[in-house]
Amino acid sequence: MRPDVLAALRRLALAVSLLHDVDLACRDDGVHLAGVPAPVPWPSLLAAALPAGSDRLLDAEALEPAVLRPRLARQLRAVQAGAALRAQGPDRLAAALVPLGLPADAVDHPGPGWASLRVPGGALDLGPALDVSDPARAEAAPPLPLTPWALRTLDATADPVLLRVRLEAAGRTAAGRLSRGDGVLRPLGALDVVTLLGARSLRAALVAGDPVGMVAVAVPARRRGWTGLRHVDPAFAVAAAAATAAPERGFRGPVLVTADEVALARTSERLAAAALRSAPPLSPGAT
C-alpha cells in the first residue's frame, strides 16, 4: 500500500474514533476494534472506506469527509456490535438481522453492493442491517447497515428470503394500524417508516381503497410519514426533508406508492399533480 494512502487511512480511522466515538487503535497490521478478536487489515479498511464507484481515497477524503467518516463509523460499529452478539451465542447474530430501507439517493447510502431486496420505482433500496436496540429504551436505535465488507468481516450471511419474510410480517402489522384513520405512518420496532414502505403487504393496504391504486405519501423523516396528501400542502414534504438532518432524513419529496412500486413524485409530473391535487392545505400537525 502506498505510504500516502496508508497515511490517509490512519487519519480517517483516527477521525472516526474521535468524532464518532468508535473505540479503536491503529497498529501496523491494521485497525484493532474493541471487542473484535482479529484486526481489520489496512487493505480491508480501504475497501470499506471507499465510496461507491471510487478508487481514490485521497480524492474522497478531500471532497467527502462529512460523508466518508460517518459511513465508515457505521460499518465499524456494525462489526463491533455483530462480534458482541456472536460472543453471546451462535444464534444471537442471526436473530438481530433485520431489513433496512434507505432512499436510493440518501447521502449515507452504503453503495450499490449493499441492496439485496429491490423495490420497483427506483426510490427505495433495501438491504441487511443489524438491530442494536436496547430493550430498556422506549425508542429503537437505528439499525446499522451491514455492507458486504462488514458481513465478510463477521463471517456472516444475510439471507434475502428471511429478510423479506420479516419485512412482510412487519408490513402486515403496520397495515393493521391503518384502521386508526389518522393518516400517520409510524415505525414498528427497529423498522422505520422508510423500511416499512418496502413491504408489499403495507403498500397493498395503503392503496386498497384508492380507485386508481396509487397514493401519495410524505416521509420527510425516517420515523414518521403521512398519507392523504390531498389534505397536506405538497411543499411540506420537500421543506420538512430539507430541514431534517441527513441521518434522520427520509425521502426528499412526496413518493407515489402502488402495491408494486415506490417512486419519487417528480418522476411523473402528471401523476404527481393528480395525486397531490388538494383542497385548501392543512398543517401536517392537523392529521
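Under our numbering, the first residue of the sequence shown carries the number 185, and numbering increases by one thereafter.
Think of the CB as a built atom: it goes at the ideal place given N, C-alpha and C, for glycine as much as any other residue.
What do you get for residue i, buried or exposed, if any count of 16 or more other CB atoms within 10 angstroms of its CB means buried?
| i | result |
| --- | --- |
| A265 | buried |
| G285 | buried |
| D376 | buried |
| T341 | exposed |
| R433 | buried |
| L247 | Low confidence applies to L247: its pLDDT is 47, below 50, so where it sits in the model is not reliable, and the reading given next is rough at best. The residue in question, L247, is exposed, as its Cβ has fewer than 16 Cβ neighbours within 10 Å. |
| L460 | Interpretation of L460 is limited by its pLDDT of 47, a score under 50 that renders its predicted location unreliable; no figure is taken from the coordinates. |
Of all the options the options, which has the alpha carbon lying nearest to the alpha carbon of residue i?
| i | options | result |
| --- | --- | --- |
| E445 | R253, D309, A191, R270 | D309 |
| P304 | L375, R350, G382 | G382 |
| R436 | L369, A307, D207, V189 | A307 |
| G412 | R406, L440, A424, R270 | L440 |
| S317 | L198, L269, V368 | L269 |
| D205 | L351, A257, L229, L252 | A257 |
| P274 | P431, A423, D339, S300 | D339 |
| L277 | D315, L208, A218 | D315 |
| A192 | L252, L335, A222, V349 | L252 |
| G367 | A374, R348, R408 | R408 |
| A429 | P187, V291, A280 | V291 |
Have a look at residue i and residue j and give me their C-alpha separation to the nearest angstrom.
| i | j | result |
| --- | --- | --- |
| S238 | A232 | Low local confidence applies: a pLDDT of 49 at S238 is under 50, so the model's placement there is unreliable, and no value is given. |
| D394 | S385 | 15 Å |
| A337 | Q259 | The question names Ala, but residue 337 is Thr in the sequence shown. Roughly 10 Å separates the two Cα atoms. |
| R406 | A325 | 12 Å |
| A463 | S363 | Annotation note: pLDDT 36 at A463 (below 50); position unreliable, coordinate value reported separately. Using only the alpha carbons, I get a separation of about 23 Å. |
| H216 | M185 | 18 Å |
| V282 | V263 | 15 Å |
| G397 | A447 | 14 Å |
| L380 | H293 | 17 Å |
| R195 | L202 | 11 Å |
| P225 | V200 | 16 Å |
| L234 | A392 | 43 Å |
| V189 | L229 | 11 Å |
| A443 | V399 | 10 Å |
| A209 | P221 | 13 Å |
| R387 | D212 | 51 Å |
| L301 | G311 | 6 Å |
| W410 | R255 | 29 Å |
| G360 | L372 | 12 Å |
| Q272 | A299 | 28 Å |
| A402 | A421 | 5 Å |
Based on the DSSP secondary-structure assignment, which residues constitute the bridge partners of residue i?
| i | result |
| --- | --- |
| V349 | In DSSP, V349 forms no bridge with anything. |
| L208 | L217 |
| V224 | V215 |
Please give the ranges of any beta strand (DSSP E) in the stretch 365 to 450, keeping only runs that are unbroken, at least 3 residues long and fully inside the region. 399 to 405, 408 to 410, 439 to 441, 446 to 448
4 or more residues per run - each alpha helix (DSSP H) lying fully within the stretch 276 to 331: 276 to 279
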